[in-house]
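Written below as structure tokens is the structure these notes are about.
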Amino acid sequence: MPLFPSEFADLLTLKGLRILRGRDPEACGALLRVPPRRFLSLTGVIDVRKAAACRDALEEELRGTLTVMEDPIPPESLLGMTENYSELLPKTVRVRTALLGSRRSRSWRVAERLGLTTLLRSESFGAFAAAVSGRALRRRWGIQVLCYGPGDYTGPHNDHHPEDPEARDGYVDMHITLATPAVAHQWLVYARGGHFSEIASVNTLGGVTVYRLPFWHYTTPLVARPGAEDAARRWVLLGTFLDAPRGR
Ligand SMILES: [Fe+2]
Numbered sequence: 022m023p024l025f026p027s028e029f030a031d032l033l034t035l036k037g038l039r040i041l042r043g044r045d046p047e048a049c050g051a052l053l054r055v056p057p058r059r060f061l062s063l064t065g066v067i068d069v070r071k072a073a074a075c076r077d078a079l080e081e082e083l084r085g086t087l088t089v090m091e092d093p094i095p096p097e098s099l100l101g102m103t104e105n106y107s108e109l110l111p112k113t114v115r116v117r118t119a120l121l122g123s124r125r126s127r128s129w130r131v132a133e134r135l136g137l138t139t140l141l142r143s144e145s146f147g148a149f150a151a152a153v154s155g156r157a158l159r160r161r162w163g164i165q166v167l168c169y170g171p172g173d174y175t176g177p178h179n180d181h182h183p184e185d186p187e188a189r190d191g192y193v194d195m196h197i198t199l200a201t202p203a204v205a206h207q208w209l210v211y212a213r214g215g216h217f218s219e220i221a222s223v224n225t226l227g228g229v230t231v232y233r234l235p236f237w238h239y240t241t242p243l244v245a246r247p248g249a250e251d252a253a254r255r256w257v258l259l260g261t262f263l264d265a266p267r268g269r
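By the count of the numbering used here, the sequence shown reaches residue 269 at its end, each step adding exactly one.
Structure below.
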């Protein structure tokens, strides 16, 4: 039986519904303002009890199907250096993910049964991203589920895709965070004015973060509350939205 609502709107509070309907002047179009803002963190937009129910369904059903995604620091980035101060670090990451791209994967079958794929493809999920970003977005978008455990992180990267004509001028990501109470902290650090000077907590239950990529950012290692390492996880439900073609 599906445990997730079929529309994202059904998870929203009154504040969330106001944003969805384009009636919250502070949040709507927030990523289009001048000076440009690349990142917005929204709380109080998803009903916390519903968020907890979604998280518990992921914990029970999807957790056993996850795959580790790991790109460590390449040893040659240190040992192969021949010149002082010439270090270069590619994107590093360790996180678990649900493979939703393949219909043959266990993750896909479970996500379908739970109603998770339906929720992430729902009209109101895309409409919410469009409302906050202030842009017309394509009606088809990429979906992903990530799960950070203790020590999982994403190193500095910018999500720029200069080889992809549809994404090279920028695109929008929207993340729904569903953390367990055993998480002590995890932070998003991002650049403004050429420095990694901005920091925002991503340890939320039902928090929504919206990004206008590319820009430099990283996610700090998840830290569990003392003695609660086994239960500390942060689930991220993610949509990646390209801009709608101009003139439509
Ligand atoms: Fe990123």
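Beta carbons are placed, not taken as given, at the ideal position from N, Cα and C, and that holds for glycine.
Could you tell me whether any non-hydrogen atom of ligand 1 is closer than 7 angstroms to the CB of residue i?
i, result
"His181", "no"
"His178", "yes"
"Thr175", "yes"
"His238", "yes"
Would the beta-carbon of residue i fall within 8 angstroms of that of residue j?
i, j, result
"Thr272", "Val223", "The shown model of the chain, from 22 to 269, leaves out residue 272, and the question about it has no answer."
"Leu52", "Ser154", "yes"
"Leu199", "Trp256", "yes"
"Ala73", "Leu32", "no"
"Ser27", "Gly147", "no"
"Leu41", "Ser143", "no"
"Thr138", "Leu120", "no"
"Thr34", "Gly85", "no"
Leaving out five residues before and five after residue i in sequence, what residues of the same chain have Cβ atoms less than 8 angstroms from its Cβ?
i, result
"Gly172", "Arg115, Pro242, Leu243"
"Arg76", "Leu199, Ala200, Thr201, Leu226, Trp256"
"Cys49", "Ile40, Gly43, Ala152, Val153, Gly155"
"Pro57", "Arg233"
Can you give me the Cβ contacts of residue i inside the same chain, cut-off strictly under 6 angstroms, excluding the 5 residues immediately before and after it?
i, result
"Arg246", "Ala203, Ala205"
"Gly170", "Arg254"
"Arg159", "Leu263, Ala265"
"Leu79", "Trp256"
"Ile220", "Trp208, Val210"
Between residue i and residue j, what straight-line distance do the alpha-carbon atoms span, to the nearest angstrom?
i, j, result
"Gly215", "Pro95", "25 angstroms"
"Phe60", "Asp194", "10 angstroms"
"Ser98", "Trp237", "20 angstroms"
"Leu234", "Glu184", "15 angstroms"
"Leu281", "His196", "Because the chain here runs from 22 to 269, residue 281 falls outside it and cannot be looked at."
"Glu133", "Gly43", "30 angstroms"
"Asp190", "Leu63", "25 angstroms"
"Thr118", "Glu47", "33 angstroms"
"Ala30", "Leu167", "22 angstroms"
"Tyr174", "Leu38", "32 angstroms"
"Gln207", "Leu258", "16 angstroms"
"Leu110", "Leu100", "13 angstroms"
"Arg267", "Met102", "46 angstroms"
"Ile164", "Arg213", "27 angstroms"
"Leu140", "Leu24", "10 angstroms"
"Asp45", "Val69", "20 angstroms"
"Arg4", "Arg54", "Residue 4 is absent from the structure shown; the chain starts at 22 and stops at 269."
What does a CB cutoff of less than 7 angstroms around residue i pick up in its chain, not counting 5 residues either side in sequence?
i, result
"Lys112", "Asp92, Gly176, His178"
"Ala150", "Leu158, Val193, Met195, Val231, Gly260, Phe262"
"Ala252", "Thr201, Ala203"
"Glu250", "Pro171"
"Ala188", "His182, Leu263"
Is any heavy atom of ligand 3 found at a distance shorter than 7 angstroms from the C-beta of residue i?
i, result
"Arg42", "With respect to ligand 3, the structure offers nothing, as its ligand set consists of ligand 1."
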